[in-house]
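Numbering (the working numbering), first residue to last: 14 to 321.
Yeah, the Cβ is synthetic: ideal placement off N, Cα and C, and Gly gets one too.
Please read the structure below before turning to the comments.
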Amino acid sequence: MSKNKSKYTAVFFGYFFSIVLFLLIISSSLFFSACESKEKYIRIGNQAVFSGDDKFFGEDQLISLSIAASELSPVRVSGFDYKINIITKDDEGNAERAFLIAQEFADEGVSAVIGSTFNGTTKASLPVYSEFNIPLITPSSQGEEISRGFSNFFRMIINNSQKVENIANFISEVIKPEKLIIIDNGSDYSIKLLDFLIEIFESRNITFQKRYSVNFNSDDYNILAENLLIDEPDIIFFCAKYNELADLITRVRKLNLNSQFIAEEIGMDEGITAITDSQYLEDLIAIVPEPPSLAKYSEDKKAIEFWR
């Protein structure tokens with residue numbers, strides 16, 4: 014999955030590189046390095062989490078950026094060729110560390126920064142980049158409040174409101190369930206997503222059968238699976254990590270309940286095939302984002318082929 018995802022994402026990094034470079038050139042804000050007789054570089058900062066459980070975010074971002082830079086470089090500016098130099102730093106998914114990384118990038122004179130991975134780290138970095146008029150382009154931070162008051166912030170992904178609205182559209186207009194049950198995994202992200210999803214459903218007079226909230230616990234999952242057997246939904250939307258998703262699907266299938274499961278981004282990981290029987294995943298649908306310009310969600314077979 015990571016390889017395909019990175020090649021797919023590289024197209025968007027390439028596109029945004031072009032736009033950012035154009036904006037920077039016309040505003041005369043590019044920082045060029047090296048003297049006339051040597052190779053010239055445009056420095057682009059790459060800020061993400063490269064350590065811990067979430068390091069795959071940074072790894073995918075680095076691969077995508079490297080592909081985009083290799084395809085775009087060199088860039089012709091005022092009759093001279095400039096190579097794109099990617100400078101990578103790990104903010105560890107920590108807001109304090111992200112603030113320090115932003116200061117380092119500012120001191121190093123980068124022309125733009127791709128990042129950061131999370132809302133908190135992006136929010137902590139943005140004031141520093143704003144002070145030095147350095148564009149910050151995030152491929153993953155979706156919080157609506159992040160960009161308020163900052164003109165140097167650009168987003169390569171739809172924000173949280175658009176995301177949930179499109180999930181609602183996909184479920185109600187494409188799937189059209191007769192008995193829908195929605196489940197959060199007890200995390201702040203999952204709870205808020207379902208809260209907003211319900212608000213949208215209510216505003217559109219869309220009905221659902223029931224909502225469950227359950228933490229990742231064997232006993233609780235057994236009880237939940239038994240309740241689902243009684244409820245007999247045709248569709249279950251579960252906002253949870255891939256291991257939690259796999260666990261619940263396995264328990265439900267062993268009770269001979271054939272409800273179709275729908276997952277969203279946090280449940281997308283090819284590792285799911287290693288922890289549950291592949292036959293249990295045959296009807297699983299992953300709601301994934303299409304290019305930001307379209308800002309829609311759909312069942313994209315190419316994007317979710319690893320489920321099959």
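Residues bridged to residue i (per DSSP)
i, result
"V90", "F93"
"S203", "DSSP, once it has assigned bridges, lists no residue as partnering S203."
"Q116", "Q116 pairs with nothing; no bridge assigned."
"I249", "I194, F274"
"D208", "Paired residue(s): none; D208 is not in a bridge."
"D103", "A61"
6 Å CB neighbourhood of residue i in its chain, flanking five on each side removed
i, result
"A82", "I97, I99"
"P190", "D247, I248"
"F112", "A137"
"F163", "L139, S143"
"M281", "A299"
"D104", "Q60, R110, A111, I114, S129, T134"
"I279", "K254"
"E312", "Confidence at E312 is low in this model, with a pLDDT of 38, below 50, so the placement of that residue is unreliable and no value is reported for it."
Rounded distance between the beta-carbons of residue j and residue i, thought under 8 Å
i, j, result
"S129", "A61", "6 Å"
"F250", "I184", "6 Å"
"I147", "N132", "In fact, because the Cβ distance is near 19 Å, the residues do not count as touching under 8 Å."
"V88", "I57", "With 8 Å as the limit, V88 and I57 do not qualify as a contact, their Cβ atoms being about 11 Å apart."
"L7", "A238", "Because residue 7 is not part of the residues shown, which for the chain are 14 to 321, the question remains open."
"I114", "L78", "About 16 Å; that fails the 8 Å criterion."
"V265", "L241", "6 Å"
"I285", "A253", "Their Cβ separation, rounded to whole angstroms, is 11 Å, which puts I285 and A253 out of contact at 8 Å."
"D244", "K223", "6 Å"
"F209", "V177", "5 Å"
"I194", "F221", "7 Å"
Boundaries (first-last residue) of the beta strand (DSSP E) holding residue i
i, result
"V126", "125-127"
"K189", "No beta strand (DSSP E) contains K189, which DSSP labels as neither H nor E."
"K223", "223-226"
"A61", "53-61"
First and last residue of the uninterrupted alpha helix (DSSP H) at residue i
i, result
"L78", "68-85"
"L323", "The structure shown does not extend to residue 323, since the chain is modelled only from 14 to 321, so the question has no answer here."
"D260", "255-267"
"D232", "231-244"
"E144", "132-144"
Close-in-space but distant-in-sequence residues of the same chain around residue i (CB under 7 Å, 5 per side omitted)
i, result
"F93", "K53"
"T289", "A259, I262, T263"
"G199", "S226, V227, N228"
"S86", "K96, I97"
"D201", "none"
"S40", "Unreliable positioning characterises S40 in this predicted model, as indicated by a pLDDT of 44, which lies under 50. A coordinate reading is not provided."
"E277", "I180, C252, I300"
Cutoff 8 Å; reference residue i; Cβ partners in own chain excluding five residues on either side
i, result
"V123", "F44, R56, I57, G58, I100, I147"
"K102", "G58, N59, Q60, I114, E117, F118"
"F145", "A119"
Touching or not, the region 133-144 and the region 105-118, by the rule of three or more beta carbon pairs under 8 Å? By the criterion of at least three beta-carbon pairs nearer than 8 Å, the region 133-144 is in contact with the region 105-118.
Meets three-Cβ-pair contact criterion under 8 Å: the region 257-275 and the region 201-218: Counting C-beta pairs closer than 8 Å gives fewer than three between the region 257-275 and the region 201-218, which falls short of the contact rule.
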